[in-house]
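From first to last, the protein sequence lines stand for chains A and B.
Anchor point for the first sequence: position 302 equals 302 in the working numbering, and the numbering is continuous, going up by one each time.
Anchor point for the second sequence: position 206 equals 571 in the working numbering, and the numbering is continuous, going up by one each time.
Think of the CB as a built atom: it goes at the ideal place given N, C-alpha and C, for glycine as much as any other residue.
Please read these numbers as outputs of a predicted model, since none were measured by experiment.
Protein chains: 2
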Amino acid sequence: MNPLDKIKPRVRELKAYTLSPDRASVKINQNENPWDAPETIKRETLRRIQSRAWSRYPDFVPASLHEKLAAFAGWRADGVVAGNGSNELIQATLMVTVGEGRRVLISEPTFALYRQVATVLGGEVLSVPLDGELKFDVGALREAIEREEPDVTILCSPNNPTGCRVEHDELESLLAATRGIVVIDEAYFEFSGQTVAPLLYAHSNLAVFRTFSKAMGLAALRVGYLLAAPELAREVGKAVLPYNLNAFSQTAAEVAVELYESELKPTVRRILQERERLYENLRRVPGLAPVRSHANFMVVRSAIEPKRVFRELLARDILVRDVSGYPMLKDYFRLSVGTPAENDKLLAALGDIFSEEGKETMNAE
Amino acid sequence: MNPLDKIKPRVRELKAYTLSPDRASVKINQNENPWDAPETIKRETLRRIQSRAWSRYPDFVPASLHEKLAAFAGWRADGVVAGNGSNELIQATLMVTVGEGRRVLISEPTFALYRQVATVLGGEVLSVPLDGELKFDVGALREAIEREEPDVTILCSPNNPTGCRVEHDELESLLAATRGIVVIDEAYFEFSGQTVAPLLYAHSNLAVFRTFSKAMGLAALRVGYLLAAPELAREVGKAVLPYNLNAFSQTAAEVAVELYESELKPTVRRILQERERLYENLRRVPGLAPVRSHANFMVVRSAIEPKRVFRELLARDILVRDVSGYPMLKDYFRLSVGTPAENDKLLAALGDIFSEEGKETMNAE
């Protein structure tokens with residue numbers, strides 16, 4: 001008797017999640033905010049947490065956080081669901097919609113979790129590639145929607161890892177074409193200067209996901225949220241476990257929302273300035289071609305094999321993301337925008353690596 | 366077009382989770398540790414958290430917590446999975462094993478989540494009632510296993526809400542009878558003075574769930590863990606989302622394990638003393654019949670309708686759990702063991718309610 005026989009074959013075939021255990025002092029591989037959460041946010045969070053009983057369950061529904069998020073997002077509190085990272089809300093949304101015979105449309109390359117979860121749940125994944133400029137191919141997406149009638153369509157906008165975004169009129173044309181649910185993962189919306197949240201008022205089949213792990217500077221705390229019509233939010237909520245959000249993370253998220261304008265928005269502005277500076281400087285490195293991005297990261301086409309660039313940077317204490325295994329991105333690596341000092345180190349290291357390469361190439365000739 | 370048409374019918378039929386929003390100063394409705402986490406644990410946790418970057422993701426796998434839990438439980442670290450409450454691990458275990466055509470055996474009345482999650486996942490739930498003394502009917506469970514060949518069998522031991530437990534020889538007879546996976550939810554094992562964890566060495570189809578929400582005094586933080594053979598733990602881990610455990614909760618759990626003997630075990634001993642005192646005193650209240658329990662709670666049979674006892678206690682600022690809607694428990698309510706002062710208040714209030722009832726009954730005669 002082997003108890004593993006009781007594991008579903010689809011799960012057994014799945015590779016277990018792994019992440020390279022590499023460490024470096026310049027860590028620009030996970031699109032985190034390079035500045036730690038401001039001291040004012042940390043201090044106020046710890047003050048509130050200390051005075052709370054840790055032995056007591058958190059709120060059954062984190063109503064006070066939902067209300068603050070509603071005000072922050074310009075949406076209604078009964079259409080908000082907070083979760084243990086937006087990953088949990090992606091999973092919950094797919095759990096209530098996807099099973100055998102259901103179809104999920106995505107645009108690739110994108111965040112890998114959509115395909116993974118939809119597959120575990122027994123759904124069929126339909127994929128439309130980005131266009132030649134690594135942007136959404138909205139015409140092809142609309143055709144796929146009309147032809148395949150997917151139950152759920154998921155776009156990450158700005159898209160991880162390419163940084164492209166879907167514009168309002170484009171999204172409206174997709175919403176008009178589908179009879180299914182459309183999910184826009186806005187994990188990076190703060191860096192793009194726009195949000196599709198206003199479209200929620202006219203579209204009861206739209207769901208918007210957000211996170212505290214990027215601009216909000218709280219990746220350690222695992223908080224995400226969903227915005228949708230109250231009826232849809234309630235159905236997704238059925239697949240969210242009771243007490244899914246711990247009291248610490250709920251508190252930190254409330255403080256971060258309260259202090260966003262004064263404490264966090266300035267870091268977003270600095271990241272955007274640095275993104276432009278990085279882009280302009282990377283363009284000037286022979287052998288590198290950065291791709292304009294609406295997020296706090298960008299992909300860079302590299303004349304040197306990305307795996308080698310990854311290793312050379314790691315040898316210089318810099319950790320980027322090798323995305324060369326993604327569809328269409330064989331020649332690319334991804335970097336998050338760091339602090340000015342981190343970006344200086346990155347530019348110096350890349351200048352170094354690519355000028356040596358130039359010399360080697362010349363010597364070989 | 367109604368986007369709710371895309372929600373699975375099984376989910377639409379499900380009632381959304383709710384919890385009565387009642388509040389009282391004596392809160393004995395959720396089996397929490399009535400003493401808050403000790404100051405030493407809070408202080409050390411906050412010290413470690415403050416010096417960490419909140420903007421950075423937690424560990425991909427919380428290896429240091431897994432190692433401490435392995436030492437604490439007498440099991441191997443590669444057979445430990447920590448999660449966002451044991452609820453998440455229950456869900457993950459069922460996600461990788463249960464779908465259409467799969468059978469889950471439980472013994473009722475018990476914790477409602479097993480039936481709920483198995484049902485959402487499309488499994489068939491088989492239920493064996495407790496015996497007339499509200500104890501596990503091991504003979505009937507064994508017969509059900511032999512007859513129905515369930516894929517998964519789940520027992521909560523000590524059982525919520527009745528407090529009965531499965532003995533080692535009984536569990537071994539069930540493990541020998543089944544070709545499926547057997548889950549023992551040990552949320553309350555610290556109060557029972559025994560654990561089935563040593564049986565993990567001989568049984569690769571056994572999984573043990575535990576929590577930090579009861580004896581460990583950290584319900585606010587949502588930490589649970591699973592102990593199983595490494596091969597089984599790895600498969601369950603595939604349904605656990607990456608970064609499921611936030612850095613705060615991981616830190617608090619590590620500190621609690623480190624300081625368990627000196628800081629938390631004394632509260633467990635006091636709870637056990639109070640459990641005995643409560644039991645003896647409740648026995649003497651005419652109209653009440655408490656049931657002996659191996660956990661930090663007990664059910665009490667009541668000559669007055671439980672819903673009325675619940676309301677009368679709430680009017681006296683005491684919140685218990687009305688379990689009269691559970692199978693077999695029409696005449697019962699459940700109470701958690703509180704602090705000595707809380708238990709005194711409870712006993713006084715129940716004495717009051719049941720003596721008034723006695724008078725009313727006499728007046729009516």
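Rounded C-alpha distance that separates residue i from residue j
i: residue 604 of chain B; j: residue 81 of chain A; result: 21 Å
i: residue 521 of chain B; j: residue 530 of chain B; result: 8 Å
i: residue 576 of chain B; j: residue 451 of chain B; result: 6 Å
i: residue 288 of chain A; j: residue 302 of chain A; result: 5 Å
i: residue 573 of chain B; j: residue 440 of chain B; result: 11 Å
i: residue 138 of chain A; j: residue 149 of chain A; result: 15 Å
i: residue 339 of chain B; j: residue 199 of chain A; result: In the structure displayed, chain B extends from 366 to 730; residue 339 of chain B sits before or after that span and is not available.
i: residue 593 of chain B; j: residue 473 of chain B; result: 24 Å
i: residue 368 of chain B; j: residue 121 of chain A; result: 20 Å
i: residue 177 of chain A; j: residue 98 of chain A; result: 20 Å
i: residue 311 of chain A; j: residue 243 of chain A; result: 42 Å
i: residue 253 of chain A; j: residue 245 of chain A; result: 11 Å
i: residue 701 of chain B; j: residue 663 of chain B; result: 7 Å
i: residue 482 of chain B; j: residue 459 of chain B; result: 7 Å
i: residue 283 of chain A; j: residue 290 of chain A; result: 6 Å
i: residue 680 of chain B; j: residue 422 of chain B; result: 46 Å
i: residue 695 of chain B; j: residue 371 of chain B; result: 38 Å
i: residue 9 of chain A; j: residue 488 of chain B; result: 16 Å
i: residue 114 of chain A; j: residue 152 of chain A; result: 11 Å
i: residue 362 of chain A; j: residue 136 of chain A; result: Low confidence applies here, because residue 362 of chain A scores a pLDDT of 49, under 50, leaving its location unreliable; read the following figure in that light. Each residue's alpha carbon lies about 39 Å from the other.
i: residue 525 of chain B; j: residue 72 of chain A; result: 40 Å
i: residue 78 of chain A; j: residue 63 of chain A; result: 9 Å
i: residue 44 of chain A; j: residue 719 of chain B; result: 47 Å
i: residue 141 of chain A; j: residue 188 of chain A; result: 21 Å
i: residue 372 of chain A; j: residue 420 of chain B; result: This structure leaves residue 372 of chain A out entirely; chain A is present only between 1 and 365.
i: residue 448 of chain B; j: residue 721 of chain B; result: 47 Å
i: residue 703 of chain B; j: residue 407 of chain B; result: 21 Å
Residues that DSSP places opposite residue i in a beta bridge
i: residue 590 of chain B; result: B:447 and B:575
i: residue 521 of chain B; result: B:550
i: residue 126 of chain A; result: A:105
i: residue 392 of chain B; result: B:684
i: residue 689 of chain B; result: Bridge partners of residue 689 of chain B: none, in fact.
i: residue 667 of chain B; result: B:653
Where residue i sits in the DSSP three-state scheme
i: residue 412 of chain A; result: Since the displayed chain A opens at 1 and closes at 365, residue 412 of chain A lies outside it and no answer follows.
i: residue 333 of chain A; result: strand
i: residue 711 of chain B; result: helix
i: residue 649 of chain B; result: coil
i: residue 471 of chain B; result: strand
i: residue 289 of chain A; result: strand
i: residue 476 of chain B; result: coil
i: residue 315 of chain B; result: Only positions 366 to 730 of chain B appear in the structure, and residue 315 of chain B is not among them; the question remains open.
i: residue 13 of chain A; result: helix
i: residue 633 of chain B; result: helix
i: residue 297 of chain A; result: strand
i: residue 216 of chain A; result: coil
i: residue 425 of chain B; result: coil
i: residue 241 of chain A; result: coil
i: residue 569 of chain B; result: coil
i: residue 728 of chain B; result: Confidence at residue 728 of chain B is low in this model, with a pLDDT of 48, below 50, so its placement is unreliable and the value that follows should be read with caution. Residue 728 of chain B falls in the helix class under three-state DSSP.
i: residue 387 of chain B; result: coil
i: residue 318 of chain B; result: Not covered by the structure: residue 318 of chain B. The range shown for chain B is 366 to 730.
Check your understanding: Using a Cβ cut-off of 7 Å, which residues of the stretch 620-652 of chain B contact any Cβ in chain A, in chain order?
Key -> Residues passing the 7 Å Cβ filter: none.
Exercise for review: Determine, using beta-carbon pairs with one atom in the stretch 49-57 of chain A and one in the stretch 214-225 of chain A, whether at least three such pairs fall under 8 Å.
Suggested key: Touching, no, given that fewer than three Cβ pairs across the two stretches are closer than 8 Å.
Point to revise | the stretch 594-609 of chain B: positions lying closer than 8 Å to chain A by Cβ | key: Listed in sequence order: 594, 596, 597, 599, 600, 602, 603, 604, 606, 607, 608 and 609.
Practice item. With 7 Å as the C-beta to C-beta threshold (strictly closer), list the residues of the stretch 88-104 of chain A near chain B in chain order. Key: 88, 91, 96, 97 and 99
Review point. Within the chosen definition, does the stretch 384-397 of chain B reach the stretch 675-692 of chain B through at least 3 CB pairs nearer than 8 Å?
Key: yes
Review point. Are the stretch 664-682 of chain B and the stretch 536-553 of chain B in contact at 8 Å, needing three or more beta carbon pairs?
Key: Judged by Cβ distances under 8 Å, the stretch 664-682 of chain B makes no contact with the stretch 536-553 of chain B, as fewer than three pairs qualify.
Exercise for review: Anything in the stretch 38-69 of chain A with a Cβ closer than 7 Å to a Cβ of chain B? List those residues in chain order, please.
Suggested key: 42, 46, 50, 52, 53, 54, 55, 56, 57, 58 and 60
Exercise for review: Decide yes or no for the touch test of the stretch 65-73 of chain A against the stretch 89-96 of chain A: beta carbon pairs closer than 8 Å, at least 3 of them.
Suggested key: No: the two stretches stay apart, fewer than three of their Cβ pairs being nearer than 8 Å.
Check your understanding: How do the stretch 594-602 of chain B and the stretch 630-650 of chain B stand: do at least 3 beta-carbon pairs fall below 8 Å, yes or no?
Key -> no
**Study point:** Chain-ordered residues of the stretch 524-550 of chain B with a beta carbon less than 8 Å from chain A
**Key:** 544, 545 and 546
Check your understanding: Taking any Cβ of chain B, which residues in the stretch 200-220 of chain A have a Cβ under 8 Å from it, in chain order?
Key -> 204, 205, 213, 217, 218, 219 and 220
Review point. Taking any Cβ of chain A, which residues in the stretch 436-451 of chain B have a Cβ under 9 Å from it, in chain order?
Key: Correct list: 449 and 450.
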